[in-house]
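Asker:
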Ligand SMILES: Nc1ncnc2c1ncn2[C@@H]1O[C@H](COP(=O)(O)OP(=O)(O)OP(=O)(O)O)[C@@H](O)[C@H]1O
Ligand SMILES: Nc1ncnc2c1ncn2[C@@H]1O[C@H](COP(=O)(O)OP(=O)(O)OP(=O)(O)O)[C@@H](O)[C@H]1O
Ligand SMILES: [Mg+2]
Ligand SMILES: [Mg+2]
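Residue numbers (our numbering), protein chains in the order written: chain A, 242 to 550; chain B, 242 to 550; chain C, 680 to 936; chain D, 680 to 936; chain E, 17 to 299.
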């Protein structure tokens with residue numbers, strides 16, 4: 242056995258050539274890309290040439306004022322319901338994980354009922370509360386009523402829509418957030434407790450921010466799914482994008498092209514949401530990976546600057 | 242400063258009394274429980290006495306043969322679509338995180354399109370593929386066809402229903418699984434690589450099992466949501482629970498009680514799924530917490546055995 | 680008992696089980712204020728578990744354990760013990776700093792934020808003061824230039840030093856160190872020891888689980904040798920290390936290189 | 680070059696950057712087969728990073744790094760370098776065992792499963808043999824009775840020993856240890872060293888990052904002192920430790936207790 | 017031909033239900049006009065959205081489509097010597113089915129309008145007016161011409177939506193309180209909303225309103241007369257002149273023979289009977 246480690250003088254040595262290796266060749270990738278390109282070309286060709294898609298008819302109606310109004314309604318309904326859902330979902334998730342059996346029990350029941358029954362039915366109930374109860378009374382339980390409201394005036398359709406969507410979403414969000422909280426290493430809350438932070442401070446400052454990494458993608462799912470769930474507010478009844486496009490479809494007996502129009506609108510809104518999701522995910526990934534990869538924008542900029550532009 | 246540590250003889254010392262402390266009193270909990278109890282009593286009272294719920298009418302129809310058939314259809318459609326969704330979702334998630342741009346690009350596009358458009362439209366398209374294309378030809382792209390299928394024979398309603406639900410679900414599941422994979426510490430796959438395990442082995446044996454903790458709750462969400470999404474297969478057209486109950490509702494002009502009947506069926510199925518989810522979560526929590534809490538069943542058994550039964 | 684004489688930490692017959700496995704089999708010891716006690720012992724003897732009990736991160740199953748004259752996690756009224764509320768436990772922990780064996784840094788915060796978090800949130804000290812204090816502490820452990828790095832960008836030894844600074848920033852009365860120098864090189868061990876010596880002189884009580892006998896000898900006021908959940912031998916470090924009374928201690932120390 | 684003379688590890692002017700921060704500033708060293716090389720150096724000097732490069736867990740940015748005569752992560756044909764496929768890299772790593780500074784045990788597997796996983800899956804050895812081998816290794820590191828515990832139920836030192844057993848179960852030609860005894864008590868250090876000495880005698884090459892000078896002196900065939908991404912001094916451990924040539928080395932070693 | 021399956025879980029597929037209809041003789045001349053690929057399997061596959069009692073709805077067995085449309089379809093099939101099968105599908109997928117040949121006819125209370133005539137050929141067979149229903153006793157004194165300031169229920173995508181929208185505008189122009197229009201997914205939801213008092217009145221096709229009044233016991237009553245008669249049409253794929261003529265001829269024959277009258281009176285909707293079946297009657 243010999244001691245073979247040696248030291249070479251390094252002072253003044255020029256930094257050596259950076260390694261330039263030829264990347265692994267992936268002929269399969271090129272073939273796959275070719276196949277995909279051909280398939281896409283065929284699809285595009287058929288979509289453009291097949292008269293059943295009725296592009297001119299779609300274009301005519303895609304920007305009709307009722308449709309555009311519908312798009313706006315869909316958007317704000319989605320945002321508002323998700324806000325209600327996430328806020329209430331966080332509260333429910335915290336309640337569910339609390340050692341207090343009353344809190345965790347009621348959270349469990351809430352999730353059970355609101356997740357277990359169809360949102361359509363919940364919307365129908367909120368929208369038609371007065372077919373169950375003509376008036377709601379505040380007063381002594383099982384005793385005299387102090388004030389009485391006509392339910393049909395109490396809950397306007399818009400409130401019914403938001404209540405129905407938001408309360409239902411909260412049940413789903415609470416499960417997602419609970420999973421996120423569980424994913425954070427026990428050592429983290431131990432360290433926070435050892436530092437004298439209270440349960441709530443630990444949750445807010447230590448656990449939830451780390452849970453976000455796991456929470457964001459399913460929340461993206463929920464938001465994108467909510468975009469389309471808003472179409473159920475027709476049962477309240479309340480009017481949004483899908484209602485408007487299918488009304489045009491029924492009137493003209495051309496429902497299919499109008500379904501495609503609705504889908505394209507949804508796809509456009511989804512795309513915007515996905516970009517947002519990308520940046521939110523990136524934000525919460527800080528510290529959890531050794532090096533953050535560049536964003537597509539940064540990549541483009543790097544390429545441009547390398548070419549001296 | 243004095244050295245005050247001391248050692249007492251311990252040999253033969255009887256184990257001291259276990260600590261018996263009086264738990265923290267929570268008067269608030271009792272008040273909350275009381276309030277909840279009163280509210281529940283009021284709700285139950287009104288639900289039982291209010292004729293609008295039409296319990297006798299519901300009971301009459303809840304177990305009608307078409308409804309029971311519908312329940313079974315809903316169940317197996319849910320299970321089958323979730324199987325497709327999870328399997329394809331895992332594949333898509335792995336593709337999405339792959340360094341291969343073709344794979345990750347196509348997975349991205351898949352998720353974009355299938356998540357971005359309403360499942361209703363996807364079902365309509367699968368169910369009515371032949372209104373777009375009367376026949377599908379296999380052959381040279383843009384050239385001669387070798388075989389030609391009549392689309393309306395190719396895709397029976399049941400296949401259209403499964404394709405529509407399953408392919409859509411896969412897009413959502415892939416995001417959930419991607420989040421799960423990201424939640425696993427980088428050190429884990431480094432350790433596996435250092436042991437010479439391949440990318441696929443690392444994924445299957447090390448990363449995915451740990452990801453499951455985070456994946457299960459949102460997957461529960463998806464499954465429970467899928468239960469109700471199956472009602473959209475009416476667009477294929479295919480018949481399940483919700484179709485049957487609402488048919489009775491329209492026939493009798495009493496839609497509301499039948500909606501409640503449907504909800505109760507869904508709630509029953511959800512409850513079964515939630516029990517399943519509880520045990521799956523527990524299974525994947527092994528090793529990640531210091532001590533697993535007892536299951537409700539175990540708790541009951543422990544209490545019984547303590548009383549000597 | 681006068682405040683000066685009252686032990687900072689007092690354990691009497693502390694027992695703890697994990698399921699059927701008895702980790703602590705009746706620990707008795709006392710730590711006086713401003714004393715530095717070193718705990719040594721083989722792996723798995725229950726050293727970390729005992730430290731965690733002092734902080735009420737683990738619940739003890741029998742015996743008495745008090746810090747600064749107050750029972751840990753319980754209030755005593757007459758003969759009866761009452762469990763403490765979360766809030767009270769948190770307050771009790773403000774006075775006890777702890778450096779974990781596995782550091783447990785907050786990965787989503789930079790080194791500086793890690794150090795500043797607890798004084799800011801749990802103690803509600805003004806931000807400006809906390810910042811200055813935190814930077815001074817990072818400076819003291821040789822990490823001033825790494826204040827803005829995330830834990831994942833730090834080497835093992837750097838992480839351990841951030842964990843020490845984080846615990847110190849709370850200005851606790853009692854510090855619990857679980858192998859605070861395990862990831863440090865000898866040079867840093869020296870520096871960290873200097874920091875700890877300074878703390879000891881400023882009157883802080885410390886319990887240090889360590890495998891560095893040199894450290895125990897130089898800084899410790901007392902040394903406890905634990906094995907299989909029991910205190911086997913305790914006393915002046917120099918004495919115990921040079922002239923162990925028990926067979927087990929002798930066997931253990933004979934292996935020290 | 681004959682197989683007997685060919686160095687097991689050869690680094691020439693290895694450079695590595697994290698963003699703008701240069702971690703390795705041209706490392707040159709050679710490790711002969713069956714040699715035990717110890718690397719010491721202050722925290723943050725790039726020791727862990729260098730080990731990770733040998734395993735191709737980190738990519739080097741300039742220089743040449745080869746194991747057993749083959750470039751790490753690249754194939755060389757003529758003048759050109761070709762990146763290796765994942766599969767080839769995995770095969771290369773089968774011969775290199777590594778014990779991480781933070782252990783990185785698989786939390787969802789018991790100690791025994793942790794040790795058995797790689798030989799079973801990556802090497803495809805028969806289950807029965809692997810089981811016997813794994814149990815023998817756990818026995819050797821003193822954990823036979825803890826084979827069915829999950830990592831979260833093990834103390835720090837127990838986890839570290841499982842990590843060592845896990846790496847050994849692959850029967851690698853080259854072992855990389857990143858502070859393998861940091862969480863161990865002196866007694867266990869002795870035992871683990873015995874294990875490692877046995878390995879050395881059975882012809883295994885080892886690179887050991889350590890802060891235990893005693894270990895370096897007793898077991899090391901060579902010692903490398905690193906600082907700020909450079910090899911400052913290298914040679915026979917006894918010589919370097921007792922008579923360091925460089926100012927920096929001397930300063931560092933003077934702090935060793 | 018029909019692609020319907022015999023799988024019990026597939027969309028309900030059944031011959032028209034009411035067996036009380038008189039036996040009707042096959043007309044060979046008309047039958048000969050039916051294209052061979054339709055007649056080949058002896059089945060006439062008809063698409064319908066069976067949620068519109070009493071016109072077309074689902075029987076208690078959960079599969080059979082019943083209603084006067086179903087009975088009329090069966091009779092129509094008998095004239096052409098074919099077995100009429102009613103396939104239930106949501107409205108949005110119905111027209112597509114007719115256009116792409118999945119369904120050989122569409123019969124689902126389609127009100128004929130010029131836009132729809134562009135998509136398919138329409139053979140008229142019934143005259144549905146609009147009528148109104150209010151809670152019994154008409155507590156708010158609502159008539160079709162005096163509904164300002166009220167909440168009116170209507171099913172979405174029906175001609176009544178245009179009707180009530182025009183009335184709402186009239187109210188506003190007259191400076192009166194506007195009408196709150198509530199558009200429901202299904203007719204049964206709209207009816208339920210009036211019964212529960214959520215809405216004050218509803219308007220719908222006359223047979224629907226008549227049936228709803230009958231079904232809900234004494235909770236609803238009509239208000240005002242039937243007005244704005246509009247024809248229902250059978251949807252036939254475009255560009256099949258012979259086939260369209262066969263359908264028109266068969267329907268005409270039912271009217272002439274009295275079978276038509278009999279079916280309508282069985283369902284209490286004879287008020288909407290017509291005497292002539294026409295192709296694309298709306299200009
Ligand atoms: N959750 C648990 N379930 C069962 N056994 C446990 C659990 N946690 C710890 N143990 C066991 O308790 C014993 C004491 O552990 P502890 O971490 O206190 O040891 P230690 O003295 O700190 O050892 P080291 O020096 O290796 O860190 C060990 O044998 C360990 O395996
Ligand atoms: N992802 C990263 N980004 C930036 N700097 C990093 C990153 N990872 C490591 N470093 C820095 O690289 C340097 C070398 O780290 P390395 O872990 O190799 O040190 P080490 O010699 O093993 O130290 P120790 O003895 O403390 O483990 C450190 O200064 C560290 O802060
Ligand atoms: Mg320990
Ligand atoms: Mg290191």
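For each residue, glycine too, the CB sits at the ideal point set by N, CA and C. Since this is a predicted model, take the numbers as computed values, not measurements.
If the cut is a Cβ gap below 7 Å, which residues of chain C does residue 799 of chain D touch?
Answerer: Going along chain C, no residue has its Cβ under 7 Å from residue 799 of chain D, so there is no contact; the nearest lies around 27 Å.
Asker: If you measure beta-carbon to beta-carbon, which residues of the segment 408 to 422 of chain B are closer than 7 Å to chain A?
Answerer: Going along the segment 408 to 422 of chain B in chain order, one finds 413, 416, 417, 419 and 420 with a Cβ nearer than 7 Å to chain A.
Asker: Cβ-heavy atom distance between residue 831 of chain C and ligand 4 below 6 Å?
Answerer: For ligand 4, not one heavy atom lies less than 6 Å from the Cβ of residue 831 of chain C.
Asker: Quick one: what's residue 909 of chain D bridged to in DSSP?
Answerer: Bridge partners of residue 909 of chain D: D:906.
Asker: Cβ closer than 7 Å: which chain B residues qualify as neighbours of residue 500 of chain A?
Answerer: Within 7 Å Cβ-Cβ: 362 and 365.
Asker: Counting Cβ pairs, one atom from each stretch, are 3 or more of them under 8 Å apart for the segment 867 to 877 of chain C and the segment 798 to 815 of chain C?
Answerer: Segments in contact, no.
Asker: Note down, in chain order, all residues in the segment 426 to 459 of chain A with a beta-carbon under 7 Å from any beta-carbon belonging to chain C.
Answerer: Against chain C - using a Cβ distance shorter than 7 Å - the residues of the segment 426 to 459 of chain A are 428, 429, 431, 432, 434, 435, 436, 437, 438, 439, 440, 442, 446, 447, 450 and 451.
Asker: Would the beta-carbon of residue 101 of chain E fall within 7 Å of that of residue 61 of chain E?
Answerer: Closer than 7 Å, so yes.
Asker: Determine, using beta carbons only, whether residue 545 of chain B and residue 473 of chain B come nearer to each other than 7 Å.
Answerer: It is not a contact, given that the beta carbons lie outside the stated cut-off.
Asker: Alpha carbon to alpha carbon, how far is residue 721 of chain D from residue 429 of chain B?
Answerer: Roughly 26 Å separates the two Cα atoms.
Asker: Does the beta carbon of residue 745 of chain C fall short of 6 Å from some heavy atom of ligand 4?
Answerer: It does not: the Cβ of residue 745 of chain C is nowhere closer than 6 Å to a heavy atom of ligand 4.
Asker: Say whether chain D places a C-beta atom closer than 7 Å to the C-beta of residue 931 of chain C.
Answerer: True, the Cβ-Cβ gap to chain D drops below 7 Å.
Asker: In terms of alpha-carbon separation, which member of E:118, E:151, E:91 and E:73 lies closest to residue 239 of chain E?
Answerer: When each option's Cα is compared against that of residue 239 of chain E, the closest is E:151.
Asker: For the segment 739 to 751 of chain C, which residues have a beta carbon sitting closer than 8 Å to at least one beta carbon of chain B?
Answerer: Hits within the stretch, in order: 739, 740, 741 and 742.
Asker: With a cut-off of 7 Å, does the C-beta of residue 462 of chain A fall near any C-beta of chain E?
Answerer: Chain E, which has no Cβ nearer than 7 Å to the Cβ of residue 462 of chain A, makes this no.
Asker: Which two residues bound the contiguous beta strand (DSSP E) that contains residue 690 of chain D?
Answerer: 688 to 697 is the extent of the beta strand (DSSP E) around residue 690 of chain D.
Asker: Assign residue 230 of chain E to buried or exposed, taking buried as 16 or more other Cβ atoms, counted over all protein chains shown, within 10 Å of its Cβ.
Answerer: Per the 10 Å Cβ criterion, exposed.
Asker: When you compare the CB of residue 760 of chain C with every CB in chain B, is at least one pair closer than 7 Å?
Answerer: Yes, its Cβ sits closer than 7 Å to a Cβ of chain B.
Asker: What residues in the segment 766 to 798 of chain C have a beta carbon less than 8 Å from any beta carbon of chain D?
Answerer: Correct list: 780 and 781.
Asker: Taking only runs that begin and end inside the segment 805 to 856 of chain D, name each unbroken alpha helix (DSSP H) of 4 or more residues, in chain order.
Answerer: For the segment 805 to 856 of chain D, whole alpha helix (DSSP H) runs of length 4 or above, ordered along the chain, are 806 to 819 and 835 to 847.
Asker: Are there three or more Cβ pairs, one per stretch, closer than 8 Å when the segment 744 to 752 of chain C is compared with the segment 392 to 404 of chain A?
Answerer: No, the segment 744 to 752 of chain C is not in contact with the segment 392 to 404 of chain A.
Asker: Can you list every residue whose CB sits closer than 5 Å to some heavy atom of ligand 4, going in chain order?
Answerer: The filter returns C:834, C:835, D:727 and D:780, in chain order.
Asker: With H, G and I counted as helix, E and B as strand and the rest as coil, what does DSSP make of residue 149 of chain E?
Answerer: Three-state result, residue 149 of chain E: strand.
Asker: Who are the neighbours of residue 753 of chain D on chain A, taking C-beta pairs under 8 Å?
Answerer: Within chain A, the residues near residue 753 of chain D are 260 and 262.
Asker: Checking 7 Å against the spacing of the C-beta atoms, do residue 337 of chain B and residue 345 of chain B come in under that value?
Answerer: Yes, the Cβ-Cβ distance between residue 337 of chain B and residue 345 of chain B is below 7 Å.
Asker: Less than 7 Å between the beta carbons of residue 844 of chain C and residue 816 of chain C, yes or no?
Answerer: Yes, they are a contact pair.
Asker: Return no unless some Cβ of chain C is closer than 7 Å to the Cβ of residue 714 of chain D.
Answerer: Residue 714 of chain D does not count as touching chain C.
Asker: Can at least three beta-carbon pairs, one atom from the segment 768 to 788 of chain C and one from the segment 725 to 743 of chain C, be found at a separation below 8 Å?
Answerer: Taking 8 Å as the limit for Cβ pairs, the verdict is that the segment 725 to 743 of chain C does touch the segment 768 to 788 of chain C.
Asker: Rounded to a whole number of angstroms, what is the C-alpha to C-alpha distance between residue 230 of chain B and residue 73 of chain E?
Answerer: Past the boundaries of the shown model lies residue 230 of chain B; chain B is included only from 242 to 550, so the question cannot be answered.
Asker: I think residue 905 of chain C touches residue 725 of chain C, with their Cβ atoms under 8 Å apart; what is that distance to the nearest whole Å?
Answerer: Indeed, because the Cβ distance is near 6 Å, the residues count as touching under 8 Å.
Asker: Say the cut is 6 Å; is the CB of residue 700 of chain D nearer than that to a heavy atom of ligand 2?
Answerer: Checking the Cβ of residue 700 of chain D against ligand 2 gives yes.
Asker: Listing by chain order, which chain B residues have their CB less than 8 Å from the CB of residue 152 of chain E?
Answerer: Those do not exist, as residue 152 of chain E stays about 15 Å from chain B at its closest Cβ, beyond 8 Å.
Asker: Using the C-alpha atoms, what's the distance from residue 929 of chain C back to residue 923 of chain C?
Answerer: Spanning the two alpha carbons is a distance of roughly 6 Å.
Asker: Can you confirm whether residue 764 of chain D, when its beta carbon is compared against all beta carbons of chain A, has any partner nearer than 7 Å?
Answerer: Judged by the 7 Å Cβ criterion, residue 764 of chain D is in contact with chain A.
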